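A.B. asks: Below you will find the structure I want to go over with you.
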Amino acid sequence: MSDLVLRVNPILCDGHGLCAELLPERIELDEWGYPIVDAAAMPRSLEPHARRAVAACPVLALRLERR
Amino acid sequence: MSVAEKLAAPAAPRLLGGLRRDGRAVPLAAHVERYGPLPLELRAAELLDRVARSGLTGRGGAGFPTATKLESVLRRGTRPIVVANGTEGEPPSGKDKALLAYAPHLVIDGAVLAARAVNAKKVIVATTSIVHAAVARAISERPREAGIAVRTLVVPDRFVAGEETALIQFLNGGPAAPTLTPPRPYERGVGGAPTVVLNVETLAHLALIARYGATWFREAGTPDEPGSVLVTVSGAVRDPGVYEVELGSPFAQLLADAGADGQAQAYLVGGYFGTWVKATDAHGAAVSNVDLAHFGASLGARAIIVLPPDACGVVETARVARYLAEESAGQCGPCVHGLAAIADSLEQLADGLHTADTALLRRRLAQVANRGACRHPDGAVALVASALRVFSDEVDRHLRGRRCTGHGRPVLPIP
Ligand SMILES: Cc1cc2nc3c(=O)[nH]c(=O)nc-3n(C[C@H](O)[C@H](O)[C@H](O)COP(=O)(O)O)c2cc1C
Ligand code: SF4
Ligand code: SF4
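Structure, rendered in structure tokens:
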């Protein structure tokens, strides 16, 4: 099975920071409020949280992709 | 070796050898006289094979193997489009403008042959405003060759407009701003067709490889980096301009040819996404990516700027950092805010302000790298990081609020 990784579309993202609140294990915010996403494979245990963060992004900038 | 490969090739310089002295474009008849007719008898597979065996790599900055790019559109199955990238948004670079203004037929030949190689019927030559008339005139001199339609289009004079996805979005009627990848141009480009974007210098070399063969191409350069390259040299030099040199030739020779200031402190190698190299390091170096890697540098856009002894590398880099921040396409938060913040930090340092904070600057560089939709912020970060490394003594002086050695007259060009 391939790995799931988080990816942010920096063109769409407008730095709401909601995702970092929902998934602090993988997402931190930079000095300007934009998410720095950990590009390592997502452990199973975090998957539901990751899906919640993805769903919460108001501009659909956050995606969970197969690698 | 086929018959065409035995055609006598003109001596070096390969691309710039046949130019007129009056600064006008070489007309079609003179071009054909020098290089021979377009080898349209070559089949697509043979063309592709020659390019592959030549080892030609992209001259637009990233240095990717050209044959691989051609193959990737060919594999898509639908009819592809060839885009010749002659936008050259890099302020210290003039090589693509020179080629298009003085030897446009070499570029158009290459674009038509690239189209042949991938079975494309459409070629678009994207240019800056200044050379557009020369390109349009050259296109109008030619008959339609092999059923391939060639047209040209002016792209806005902005730094990021030449990034390939920006170019494609512009050609599709949108803004000249990069788009998120995937899809890459070879997957979905102009009008949705698989598109191969090649730098105009790359195409000029391709035009000669098609005529004289891969073995001929490899007679110049090194086994790893074959051929010649166009380099734009400026700054503290007697004869600024575009030089054609063999890859692997001595850097010192190029500097001597351009009449570089013997007291130069450093060279900016690779343009505004490039790397500062100390003059003492560069003297024994070769014009090649393999060699420049020892100094953390690469040829990049092949613009080289000689920094005179009385200029300040920190001040110069701060000016370019601000320019690059302002040239952001304004789409990605980390690029928009990050590059502006990096320019702020560097300006404070350049001005010797007590608020200057190199730890914060380094943190910002680390935060911004790899976070844009395109490599624009990464290029800017690499430039600033190299300045901190190479000009560490000046950085210290600035931090102590000492008077700067820079004389104030700018060296690095900002449009
Ligand atoms: C911000 C940015 C600006 C660029 N500007 C140019 C340019 O002006 N001309 C160019 O040929 N390539 C430019 N490139 C590189 C192109 O995206 C592309 O890689 C190149 O045109 C491919 O041609 P090549 O394979 O022949 O080198 C730029 C890339 C970036 C990230
Ligand atoms: S929630 Fe969406 S828009 Fe907000 S910071 Fe995260 S990715 Fe960006
Ligand atoms: S990284 Fe910067 S230049 Fe590139 S698309 Fe984003 S905003 Fe534009």
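Chains F and V, in that order, give the protein sequences.
So in the working numbering, spot 34 of the first sequence is number 34, and the numbers just go up one at a time.
So in the working numbering, spot 70 of the second sequence is number 137, and the numbers just go up one at a time.
For every residue, glycine included, the Cβ atom is placed at its ideal position computed from N, Cα and C.
Because the structure is a prediction, the values reported are computed rather than measured.
So, is the C-beta of G15 (chain F) closer than 8 angstroms to a C-beta in chain V?
C.D. replies: By this cut-off, G15 (chain F) is an interface position.
A.B. asks: Could you check whether V192 (chain V) and A178 (chain V) sit closer than 8 angstroms to each other, using their CB atoms as the reference points?
C.D. replies: Yes; because the gap between Cβ atoms is below 8 angstroms, this pair is in contact.
A.B. asks: Nearest to G315 (chain V) by CA position, among V:V357, V:G302, V:V300, V:K188, is which residue?
C.D. replies: The residue with the shortest Cα to Cα distance from G315 (chain V) is V:V357.
A.B. asks: Exposed or buried, K73 (chain V), counting other C-beta atoms within 10 Å across all chains shown (16 or more means buried)?
C.D. replies: In this predicted model, K73 (chain V) has a pLDDT of only 43, less than 50, meaning its place in the structure is not dependable enough to derive any value.
A.B. asks: List the endpoints of the continuous alpha helix (DSSP H) containing A201 (chain V).
C.D. replies: Note, A201 (chain V): alpha helix (DSSP H), 196-208.
A.B. asks: Whole-angstrom Cβ separation of S2 (chain F) and R67 (chain F), contact assumed at under 8 angstroms?
C.D. replies: Right, their Cβ atoms sit about 6 angstroms apart.
A.B. asks: Taking only beta-carbon positions, decide if P24 (chain F) is within less than 8 angstroms of chain V.
C.D. replies: Output row for P24 (chain F): interface = no.
A.B. asks: What three-state label does DSSP hand T262 (chain V) in the structure shown?
C.D. replies: Note: T262 (chain V) maps to strand in three-state DSSP.
A.B. asks: Count the other CB atoms within 10 Å of the CB of Q415 (chain V); is the residue buried (16 or more) or exposed (fewer)?
C.D. replies: Result: buried.
A.B. asks: Considering R464 (chain V), what are the terminal residues of the alpha helix (DSSP H) in which it resides?
C.D. replies: From DSSP, the alpha helix (DSSP H) with R464 (chain V) extends over 459-466.
A.B. asks: So who's on the other strand from I372 (chain V), going by DSSP bridges?
C.D. replies: Beta-bridge pairing links I372 (chain V) to V:S301, V:L335.
A.B. asks: Determine the DSSP secondary structure at Y253 (chain V), reduced to helix, strand or coil.
C.D. replies: Coil.
A.B. asks: Pull up the DSSP beta-bridge partners for Y310 (chain V), would you.
C.D. replies: Y310 (chain V) is bridged to V:V298.
A.B. asks: Measure how close the beta-carbons of V381 (chain V) and V462 (chain V) come, nearest whole angstrom, since I'm counting them as under 8 angstroms.
C.D. replies: Contact flag correct, Cβ pair sits at about 6 angstroms.
A.B. asks: Can you grab the Cα-Cα spacing for the pair D14 (chain F) / D89 (chain V), in whole Å?
C.D. replies: Looking at the two C-alpha atoms, the distance is approximately 53 angstroms.
A.B. asks: Grab me the residues of V54 (chain F)'s own chain with a C-beta within less than 6 angstroms of its C-beta, minus the 5 sequence neighbours each way, in chain order.
C.D. replies: Contacts found: L62, L64.
A.B. asks: What residues in the stretch 368-400 of chain V have a beta carbon less than 7 angstroms from any beta carbon of chain F?
C.D. replies: Listed by position, the residues of the stretch 368-400 of chain V near chain F (Cβ gap below 7 angstroms) are Q398, C399, G400.
A.B. asks: Taking only beta-carbon positions, decide if A71 (chain V) is within less than 8 angstroms of chain F.
C.D. replies: Below a pLDDT of 50, predicted positions are generally treated as unreliable, and A71 (chain V), at 41, falls in that range; the measurement from the model is reported next regardless. Taking Cβ atoms only, chain F never reaches closer than 8 angstroms to A71 (chain V), which makes this a no.
A.B. asks: Do you know how far the Cα of Q330 (chain V) is from the Cα of R143 (chain V)?
C.D. replies: Answer to the nearest angstrom: the Cα atoms are 53 angstroms apart.
A.B. asks: Specify, as a first and last residue, the run of the alpha helix (DSSP H) that R215 (chain V) falls within.
C.D. replies: What sits at residue 215 (chain V) in the sequence shown is Ile, not Arg. Neither: I215 (chain V) is in no alpha helix (DSSP H) and is coded neither H nor E.
A.B. asks: Would S412 (chain V) be called buried (16 or more neighbouring beta carbons within 10 Å of its own) or exposed?
C.D. replies: It counts as buried.
A.B. asks: Using only the heavy atoms of ligand 2, determine whether one of them is closer than 7 angstroms to the beta carbon of R8 (chain F).
C.D. replies: Residue identity check: residue 8 (chain F) is Val in the sequence provided, not Arg. It does: the Cβ of V8 (chain F) is within 7 angstroms (strictly closer) of some heavy atom of ligand 2.
A.B. asks: May I ask you to verify whether the stretch 214-233 of chain V touches the stretch 241-251 of chain V, counting CB pairs closer than 8 angstroms and requiring at least 3?
C.D. replies: The stretch 214-233 of chain V is in contact with the stretch 241-251 of chain V.
A.B. asks: In chain order, what residues of the same chain lie with their CB nearer than 6 angstroms to the CB of G446 (chain V), ignoring the 5 residues before and after it?
C.D. replies: Result list for G446 (chain V): F340, in chain order.
A.B. asks: Considering only the alpha carbon of each residue, which of V:Y169, V:L479, V:L450 lies closest to G85 (chain V)?
C.D. replies: When only C-alpha atoms are compared, the closest one is V:Y169.
A.B. asks: Which term fits R438 (chain V), buried or exposed, when burial requires 16 or more other beta carbons within 10 angstroms of its beta carbon?
C.D. replies: By the neighbour-count rule (16 or more Cβ atoms within 10 Å), R438 (chain V) is buried.
A.B. asks: What residues from chain F crowd round Q434 (chain V), counting only those whose CB sits closer than 8 angstroms?
C.D. replies: Within chain F, the residues near Q434 (chain V) are D30, E31, I36.
A.B. asks: I want to check one thing, is the minimum distance from the CB of V5 (chain F) to the heavy atoms of ligand 2 below 7 angstroms?
C.D. replies: No, since every heavy atom of ligand 2 falls outside the 7 angstroms radius drawn around the Cβ of V5 (chain F).
A.B. asks: Going along chain F, which residues have a C-beta under 7 angstroms from A440 (chain V)?
C.D. replies: The contacting residues are P10, I11.
A.B. asks: Apply the 10 Å Cβ neighbour rule to L273 (chain V) and answer buried if 16 or more other Cβ atoms are within range, or exposed otherwise.
C.D. replies: Looking at its Cβ environment, which holds 16 or more other Cβ atoms inside 10 Å, L273 (chain V) is buried.
A.B. asks: When you measure from the CB of R126 (chain V) to every non-hydrogen atom of ligand 1, does any distance come out below 7 angstroms?
C.D. replies: It does: the Cβ of R126 (chain V) is within 7 angstroms (strictly closer) of some heavy atom of ligand 1.
A.B. asks: Buried or exposed, going by whether 16 or more other CB atoms sit within 10 Å of the CB of G302 (chain V)?
C.D. replies: Answer is buried; the Cβ neighbour count reaches 16.
A.B. asks: Residue range of the beta strand (DSSP E) that K345 (chain V) falls in?
C.D. replies: Its beta strand (DSSP E) spans residues 342-345.
A.B. asks: With distances taken from CA atoms, which of V:A388, V:A151, V:C441, V:L455 is nearest T425 (chain V)?
C.D. replies: Closest by alpha carbon: V:L455.
A.B. asks: For L115 (chain V), would you say it is in contact with chain F, using Cβ-to-Cβ distances shorter than 8 angstroms as the test?
C.D. replies: For L115 (chain V), the answer is no, since every Cβ of chain F falls outside 8 angstroms of its Cβ.
A.B. asks: By a C-beta neighbour count over all protein chains shown, 10 Å radius and 16 as the cutoff for buried, is M68 (chain V) buried or exposed?
C.D. replies: Any reading at M68 (chain V) must be qualified, since the residue scores a pLDDT of 37, below 50, and its modelled position is unreliable; the value itself is stated next. Classification of M68 (chain V): exposed, given that the 10 Å Cβ count is below 16.
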